[in-house]
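Participant:
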Amino acid sequence: MNDVLFNIGYGHFLVLAALLFLIGMAGVMIRRNALIILMSVELMLNAANMTLITFSRMWGGMGALSAHTFALIVIGVAAAEASVGLAIVVAVFRGRRNVDVDRLTTLRH
14 MNDVLFNIGY GHFLVLAALL FLIGMAGVMI RRNALIILMS VELMLNAANM
64 TLITFSRMWG GMGALSAHTF ALIVIGVAAA EASVGLAIVV AVFRGRRNVD
114 VDRLTTLRH
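Going by my numbering, the final residue of the sequence shown carries number 122, and the count climbs one at a time with no gaps.
Structure follows, in structure tokens:
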């Protein structure tokens with residue numbers, strides 16, 4: 014039992030990333046609150062980063078540096094997405110007093 018807890022391998026990180034991605038995907042599919050959807054998208058991006066870094070550590074070589082660089086770019090894009098998304102949600106809430114995505118039909122047509 015102690016062997017499983019103290020010898021953490023690449024498979025553990027990949028399973029954790031898959032669980033994070035599934036939780037994020039379930040949040041996007043099930044929930045209708047725009048803030049929860051944004052947080053779920055952030056979870057999915059972090060799971061993708063974890064997978065990218067895990068494979069980079071597994072295979073090593075010169076690709077490791079480019080994978081880490083790509084992960085940093087994804088983190089920057091996620092931060093920009095969060096700030097722009099939050100600004101849109103705040104603007105919609107001020108106008109509609111609601112952030113339920115099922116009720117927001119103005120941009121549909």
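Don't be surprised by glycine CBs; every beta carbon is placed ideally from N, CA and C.
Within 10 angstroms of its Cβ, does residue 82 collect 16 or more other Cβ (buried), or is it exposed?
Facilitator: If you number the sequence shown from 1, residue 82 lands on position 69. Exposed, by the Cβ-count rule.
Participant: Roughly how many whole angstroms lie between the Cα atoms of residue 86 and residue 80?
Facilitator: Against the sequence shown, residue 86 aligns to sequence position 73. Against the sequence shown, residue 80 aligns to sequence position 67. Their backbone Cα atoms lie some 10 Å apart in a straight line.
Participant: Under 8 Å between the Cβ atoms of residue 57 and residue 29?
Facilitator: Position 44 of the sequence shown, counted from the first residue, corresponds to residue 57. Position 16 of the sequence shown, counted from the first residue, corresponds to residue 29. Cβ atoms of residue 57 and residue 29: not closer than 8 Å.
Participant: Taking the alpha helix (DSSP H) that residue 70 falls in, what are its first and last residues?
Facilitator: Sequence index remark: in the sequence shown, residue 70 carries index 57 (1-based). Segment 47-72, the alpha helix (DSSP H) holding residue 70.
Participant: Taking the alpha helix (DSSP H) that residue 41 belongs to, which residues open and close that run?
Facilitator: Here residue 41 refers to the residue found at position 28 when the sequence shown is read from its first residue. Its alpha helix (DSSP H) spans residues 23-43.
Participant: On the CB-based measure, 16 or more other CB atoms within 10 Å of its CB, does residue 106 come out buried or exposed?
Facilitator: For the purposes of this step, residue 106 is taken as the residue at position 93 of the sequence shown. Exposed, since its Cβ has fewer than 16 Cβ neighbours within 10 Å.
Participant: Within the chosen definition, does the region 90-103 reach the region 43-61 through at least 3 CB pairs nearer than 8 Å?
Facilitator: As far as the Cβ criterion goes, the region 90-103 touches the region 43-61, which means the pair count is three or higher.
Participant: What distance in whole Å lies between the Cβ atoms of residue 47 and residue 112, which are believed to be in contact at a cut-off of 8 Å?
Facilitator: By 1-based counting over the sequence shown, the position of residue 112 is 99. By 1-based counting over the sequence shown, the position of residue 47 is 34. About 4 Å; that satisfies the 8 Å criterion.
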